[in-house]
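Per this note's numbering, the sequence shown starts with residue 4, numbered consecutively. Even glycine gets a Cβ: it sits at the ideal position worked out from N, Cα and C. Below is one structure; the comments refer to it alone.
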Amino acid sequence: MHFSKTPYTTPEEFNEQLLNHISATLSINAELKSIPLGEGTVSLGHETSVVFTQIKLPKSAKQVVLTNGAVKDIYRHTTKLIVTPWAANKQSFILNKSNNFTATIPIR
4 MHFSKTPYTT PEEFNEQLLN HISATLSINA ELKSIPLGEG TVSLGHETSV VFTQIKLPKS
64 AKQVVLTNGA VKDIYRHTTK LIVTPWAANK QSFILNKSNN FTATIPIR
């Protein structure tokens, strides 16, 4: 498991720690290059949502490979990844241990 050396005391500190953890453990690759996640936001709740916007992909990219290492240590964890490209249909993927928390996302 991954624990912070300094526990959070406010929801804002939790959000910051969560974004830092995800930024360090979630990878997006296209055209064999790592893609920066950009600015993220957290919505706390029963199902916490983390949203990264304005991720810039190479124009020549035919697919993106995303691996979510942030949750690999959580027993029987499943993540639903929703991709909402601008002016395109929404795609969803289930990430779990059986697919190594990895999704290959075609670019249309």
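Measuring CB to CB, does residue i end up less than 8 Å from residue j?
i, j, result
"I31", "V67", "yes"
"V53", "L21", "yes"
"I58", "G41", "yes"
"P14", "A33", "no"
"L69", "A27", "no"
"I110", "Q94", "no"
"F96", "G72", "no"
Can you tell me which of the three DSSP states residue i falls into?
i, result
"I97", "strand"
"A106", "strand"
"A73", "helix"
"K62", "coil"
"G43", "strand"
Considering just the uninterrupted stretch of the beta strand (DSSP E) at residue i, what are its terminal residues?
i, result
"I25", "Per DSSP, I25 belongs to no beta strand (DSSP E); it is in the alpha helix (DSSP H), 14-28."
"K83", "82-86"
"T51", "Taken as a continuous stretch (DSSP letters only), T51 belongs to no beta strand (DSSP E), as it is neither H nor E."
When the Cα atoms are used, what is the spatial distance from residue i to residue j?
i, j, result
"T81", "T51", "13 Å"
"H49", "V74", "16 Å"
"V86", "T9", "33 Å"
"Y11", "E19", "9 Å"
"L29", "N92", "23 Å"
Identify, in the order they occur along the chain, each residue of the same chain with its Cβ nearer than 6 Å to the Cβ of residue i, setting aside the five sequence neighbours on each side.
i, result
"S46", "S52"
"F123", "Residue 123 is absent from the structure shown; the chain starts at 4 and stops at 111."
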